[in-house]
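Undergrad: Residue 804 in this note's numbering sits at position 361 of the sequence shown, with consecutive numbering throughout. Cβ coordinates follow ideal geometry from the N, Cα and C atoms, glycine included. Shown below is the structure under consideration.
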Amino acid sequence: MKWVRLSSVVLVGVFTALLVALLLLSRELLQAHIDETILRFASDASVYYDYYVETYAGTNPLDNWTVFLRASPVLLMMLTRGSLLAIQLFNLALMLITLRVAFDCFRTFHGRMLFLLFCLIFPYFSFGFMSLNKEVYAMCAAIFYGSYMIRGRFWHLALALLLALSARYYMVASLMMLAVVIPRTGSVRYLWILAALIGISLLAPLIKTFIPEYSYENLLDGSGGTAILMAKVIDNFGYAPLYMLKYLLLLLVRPYGLLIGSTEDAIGAVVSIASLVMVTAGLYVLWLGRAKNPVISRLILAAFVAPIPMMWSEIMHWRYYSFVYFFLLNAVVLHLESVWLARPSRVADNPDALPVAGLSQ
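Structure representation (structure tokens):
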């Protein structure tokens with residue numbers, strides 16, 4: 444008898460519904476890019492669309508391939524001759540493939556469904572197919588990297604790096620650093636992590652001197668006093684002691700804004716709140732000493748280490764680092780599965796296979 448995963452059926456059903464919704468709303472989504480209402484759901488989507496229309500429409504992608512490093516959605520618009528729908532379909536297919544790969548990291552139906560649920564409630568992932576954006580590539584890169592950590596498939600690592608490059612080139616540095624300092628096997632290189640913090644502390648002021656785009660005068664115009672103070676600390680070689688404080692502060696900025704009545708970036712606030720929940724859950728697993736699987740503790744550590752090559756910049760927005768949510772989600776679901784599977788009665792109640800004639804698992 445041949446079998447098909449029940450979780451795969453659910454996954455295909457969910458994405459079929461999303462595909463239908465996309466096709467029905469394609470004209471409205473195009474108009475939303477034109478009139479900028481899409482910015483309520485996707486940061487910079489209209490910026491990329493206008494950038495393409497005003498600068499690159501009708502140009503040869505081979506002559507402008509370097510735009511990929513700054514704005515990969517613009518290059519995709521050139522490759523598709525301005526077809527927003529083609530890019531939306533590509534993003535939706537990428538999300539489906541990414542989740543299908545991630546499902547292989549878990550052993551139970553409940554685990555796969557929990558992972559799917561928490562992916563879909565994370566706006567930068569769930570809204571990723573609706574617009575021109577780089578967040579969807581960053582989130583998929585993090586999921587592929589988590590799959591590499593769990594299963595050890597090097598093609599997962601290669602795709603994670605390619606997707607990270609499509610999102611932000613400095614995310615590639617983060618993932619490459621993780622592969623070195625928190626390897627899948629062997630000892631975690633804590634001294635190397637400390638060395639990276641100290642090295643960036645020493646180099647950051649010099650980089651900002653030679654590359655004006657990274658100076659706080661250009662990035663913090665109109666920012667609050669805390670952001671400016673942090674920039675000055677980094678300019679005075681203080682990145683290492685400041686790192687964790689800035690990490691936690693960026694997590695809290697958007698939820699605090701929502702509490703005091705600001706709705707300017709409600710999506711960012713939701714992302715920060717979801718990240719806070721996942722950070723708390725990950726720390727809870729570590730605090731109780733229940734991360735018996737070393738991969739779980741490494742994924743949690745990776746969530747706190749990954750932004751090191753990125754956070755020295757004065758960009759004060761959690762969305763640039765929010766991909767760490769998926770490292771924590773992988774760790775928490777793996778932990779919950781280990782608890783479920785430790786109870787034999789739960790295994791029988793948690794099937795993920797259906798007999799289907801003519802289908803293979």
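Go ahead and pull the three-state DSSP assignment for Val631.
TA: Residue mapping note: residue 631 aligns to position 188 of the sequence shown, counting from 1. Three-state result, Val631: coil.
Undergrad: Decide if Glu578 is buried, meaning its Cβ has at least 16 other Cβ atoms within 10 Å, or exposed.
TA: The sequence position of residue 578 within the sequence shown is 135, counting from 1. Result: buried.
Undergrad: Suppose contacts are defined by Cβ-Cβ distances below 7 Å. Is Ala742 in contact with Met592 by that definition?
TA: Within the sequence shown, numbered from 1, the residue matching residue 742 stands at position 299. Within the sequence shown, numbered from 1, the residue matching residue 592 stands at position 149. For clarity, residue 742 is Leu in the given sequence; the question names Ala instead. Closer than 7 Å, so yes.
Undergrad: My assumption, with CB atoms under 8 Å, is that Arg448 sits in contact with Asp795. Please give the rounded CB distance.
TA: If you number the sequence shown from 1, residue 448 lands on position 5. If you number the sequence shown from 1, residue 795 lands on position 352. Yes, they are in contact, since the Cβ atoms of Arg448 and Asp795 sit about 5 Å apart, within 8 Å.
Undergrad: Thinking C-beta only, is Trp761 closer than 7 Å to Leu702?
TA: Locating residue 702 in the sequence shown gives position 259, where the first residue counts as 1. Locating residue 761 in the sequence shown gives position 318, where the first residue counts as 1. No, the pair does not count as a contact, with Cβ atoms beyond the cut-off.
Undergrad: Hey, could you find the ends of the alpha helix (DSSP H) Cys583 is sitting in?
TA: Indexing the sequence shown from 1 puts residue 583 at position 140. Glu578 to Arg594 is the extent of the alpha helix (DSSP H) around Cys583.
Undergrad: Pick out whichever of Tyr580, Asp506, Arg550 and Tyr682 has its Cα sitting closest to the Cα of Leu539.
TA: Walking along the sequence shown from the start, residue 539 turns up at place 96. With distances taken between Cα atoms, Leu539 lies closest to Tyr580.
Undergrad: CB-CB under 6 Å to Ser715, same chain, minus the five flanking residues each way: which ones, in chain order?
TA: As a first step, residue 715 must be located in the sequence shown, where it is residue number 272. Contacts found: Leu694, Arg697, Pro698 and Trp761.
Undergrad: Given a threshold of 16 other Cβ atoms within 10 Å of its Cβ, counted over all protein chains shown, does Arg404 qualify as buried or as exposed?
TA: What is shown of the chain runs 444 to 804, which leaves residue 404 out entirely.
Undergrad: Classify Trp508 as helix, strand or coil using the three-state DSSP reduction.
TA: The residue given as residue 508 occupies position 65 in the sequence shown. Three-state DSSP puts Trp508 in coil, outside helix and strand.
Undergrad: Between the Cα of Asp620 and those of Arg611, Arg550, Ala610 and Arg632, spot the shortest distance and give me the residue it belongs to.
TA: Taking the sequence shown and counting its residues from 1, one reaches residue 620 at position 177. Going by the sequence as given, residue 620 is Met instead of Asp. Considering only alpha carbons, the answer is Arg632.
Undergrad: Please report the straight-line C-alpha distance between Tyr768 and Ser718, rounded to a whole angstrom.
TA: By 1-based counting over the sequence shown, the position of residue 768 is 325. By 1-based counting over the sequence shown, the position of residue 718 is 275. Straight-line Cα distance between these residues: approximately 6 Å.
Undergrad: For the alpha helix (DSSP H) containing Phe769, list its first residue and its last residue.
TA: Numbered from its first residue, the sequence shown carries residue 769 at position 326. Where Phe769 is concerned, the enclosing alpha helix (DSSP H) stretches over Val767 to Leu784.
Undergrad: Distance check for Asp708 and Leu563, CA to CA, integer angstroms please.
TA: As a working note, residue 563 is residue 120 in the sequence shown. As a working note, residue 708 is residue 265 in the sequence shown. When rounded, the distance between both Cα atoms is 19 Å.
Undergrad: Should Gly589 be labelled buried (16 or more other beta-carbon atoms within 10 Å of its own) or exposed?
TA: Mapped onto the sequence shown, residue 589 falls at position 146. Buried.
Undergrad: Helix, strand or coil: which one does DSSP assign to Trp446?
TA: Reading the sequence shown from its first residue, position 3 is the one you call residue 446. DSSP places Trp446 in strand when its eight states are reduced to three.
Undergrad: What's the gap between the Cα of Ile751 and the Cα of Thr652?
TA: Position 308 of the sequence shown holds residue 751. Position 209 of the sequence shown holds residue 652. Taking the straight line joining both Cα atoms gives about 20 Å.
Undergrad: I need the straight-line Cα distance from Leu560 to Leu649, nearest angstrom please.
TA: Within the sequence shown, numbered from 1, the residue matching residue 560 stands at position 117. Within the sequence shown, numbered from 1, the residue matching residue 649 stands at position 206. The alpha-carbon atoms of Leu560 and Leu649 are separated by roughly 44 Å.
Undergrad: Here's the rule: buried if 16 or more other CB atoms are within 10 angstroms of the residue's CB, otherwise exposed. What is Ser489?
TA: Taking the sequence shown and counting its residues from 1, the one referred to as residue 489 is at position 46. Buried, since its Cβ has 16 or more Cβ neighbours within 10 Å.
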